[in-house]
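In order, the protein sequence lines correspond to chains A and B.
Sequential numbering from 4 applies to the first sequence in the working numbering.
Sequential numbering from 4 applies to the second sequence in the working numbering.
Every residue, glycine too, gets a C-beta built ideally from N, C-alpha and C.
Keep in mind that this is a model prediction, so the values were computed, not measured.
Number of protein chains: 2
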Amino acid sequence: MLARMPRTSTSANKAASPAKADARFRFRIRCGDLIAIGPGKIAVLEAIQEHGSISAAARHLGMSYRRAWVLVDELNKSLESPATQSGPGGASGGSSQLTPVGMQVVTLYRAIETRAEQACAEQIDALIELMKH
Amino acid sequence: MLARMPRTSTSANKAASPAKADARFRFRIRCGDLIAIGPGKIAVLEAIQEHGSISAAARHLGMSYRRAWVLVDELNKSLESPATQSGPGGASGGSSQLTPVGMQVVTLYRAIETRAEQACAEQIDALIELMKH
Chain A
4 MLARMPRTST
14 SANKAASPAK
24 ADARFRFRIR
34 CGDLIAIGPG
44 KIAVLEAIQE
54 HGSISAAARH
64 LGMSYRRAWV
74 LVDELNKSLE
84 SPATQSGPGG
94 ASGGSSQLTP
104 VGMQVVTLYR
114 AIETRAEQAC
124 AEQIDALIEL
134 MKH
Chain B
4 MLARMPRTST
14 SANKAASPAK
24 ADARFRFRIR
34 CGDLIAIGPG
44 KIAVLEAIQE
54 HGSISAAARH
64 LGMSYRRAWV
74 LVDELNKSLE
84 SPATQSGPGG
94 ASGGSSQLTP
104 VGMQVVTLYR
114 AIETRAEQAC
124 AEQIDALIEL
134 MKH
C-alpha cells in the first residue's frame, strides 16, 4: 500500500497515502517453549463456544481439525483444569463446549486486550501522529 | 517442557511442571499490509542507538544487514519524518543514529508496553492463576 515516496512529507504525499493505521496488541503467555495462551488459542475457544465442536470451530477458522485439536490440547495441558469438555459424541469428532474455566480464560483475555488499548490510548495516538496520514 | 499428564491436577503434577509463565504484550501498528511499527523495528532502532550503525545493529541482533536496512527503510517510509539519519560514512555502510523522532518512537513504544502490563496486572495474574504452577 505504501509506495516509494520522498521522505519529506507534502500534502500531495498525504493525499496519495490513505492507508489507515491499525494499532493492535497481541497478548501471549508463554510457559517454557509453549505459547500457553495467545490469540490463536483464544480464537479456537471462541469458535468452539459459537459452533459447538472442534471440527466446526476449525472449519470456521479455516484451519485443519488436527491443528485446532492440538491448540485445544496444549491449552488444556497448561491449565489446572481444562477449558473445554467433550459432549456425548466422545473426545474426537463429537461436540465440545467450554467449561466455566474456558469461559473465564476468554473473558480475561479479551478484557486484557481492551484494558491495554484504553490505558495506552494517548501514547498510541502520539505514535500514529508521527506516521504519514 | 510440559509433559503429557492427566488433566486432573495433583500436587505431583505441580512438582513435575515448574515452567514459569511469562506474560508478554506485542504491540504493532499496521498500515495496509505493512507492519509499520512493531517489536522487530523497535529492536533495530534501539540497537542503532546503542551501536551507532545499521551494520553493527544487525550483527548485535543476529540478522542480516539487508534485513535490518529493510526494517529501517519501511519504518522511515511510514513516518512523516525519518527515525534515523546517516552519519558521514553515507547511507550504506556508514554510521547511523536516531533522530529526535526515532527516539520518540522508541520511548512511546516502550511506554505503551509498560503501561499495558501495569493496566492489566490484575487480569494477567488471574489468567496465570488458572494455569498449572
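Of the residues assessed, Gly-105(A) falls on the buried side of the cut-off, its CB having 16 or more other CB atoms within 10 angstroms. Between the alpha carbons of Tyr-112(B) and Gly-90(A) lies a distance of about 45 Å. Segment contact: the segment 126 to 136 of chain A against the segment 77 to 84 of chain B, three or more CB-CB distances shorter than 8 Å; contact assigned. When CB distances to chain A are screened at a threshold of 7 Å, the residues of the segment 117 to 129 of chain B falling below it are Arg-118, Ala-119, Ala-122, Cys-123, Gln-126, Ile-127, Ala-129, in chain order. Here Thr-102(A) has Ser-84, Pro-85, Ala-86, Thr-87, Gln-88 as same chain residues with Cβ atoms under 8 Å from its own Cβ, once five neighbours each way along the sequence are excluded. The C-alpha of His-136(B) lies about 25 Å from the C-alpha of Gln-100(A). Exclusion of the five residues before and after Val-108(A) leaves Ala-86 as the residues of its chain whose Cβ lies within less than 6 Å of its Cβ.
Annotation for Ser-67(B): Ala-61 place their beta carbon closer than 7 Å to its own, counting only its chain and skipping 5 residues before and after.
Neighbours of Tyr-112(B) in chain A, taken as residues whose beta carbon is under 9 Å from its own, are Gln-126, Leu-130 in chain order. Burial state of Ala-26(B) is buried, judged by a 10 Å Cβ sphere holding 16 or more other Cβ atoms.
With 16 or more neighbouring CB atoms inside 10 Å of its own CB, Gly-41(B) falls in the buried class.
A Cβ of chain B is located within less than 8 Å of the beta carbon of Glu-83(A).
For the segment 50 to 82 of chain B, residues whose beta-carbon sits nearer than 7 Å to a beta-carbon of chain A comprise Asn-79, Lys-80, Ser-81, Leu-82. Within chain A, the residues whose beta carbon sits less than 9 Å from that of Met-134(B) are Ile-32, Cys-34, Ala-39, Ile-40, Ser-81, Leu-82, Glu-83, listed in sequence order.
At a cut-off of 8 Å, the C-beta of Val-109(B) has no neighbouring C-beta in chain A. No residue range can be given for Leu-82(A), since it is assigned to no beta strand (DSSP E) and is classified by DSSP as neither H nor E.
Annotated as proximal: Ala-122(A) and Arg-118(B), with beta-carbon spacing under 8 Å. Of the residues assessed, Lys-23(A) falls on the exposed side of the cut-off, its CB having fewer than 16 other CB atoms within 10 angstroms.
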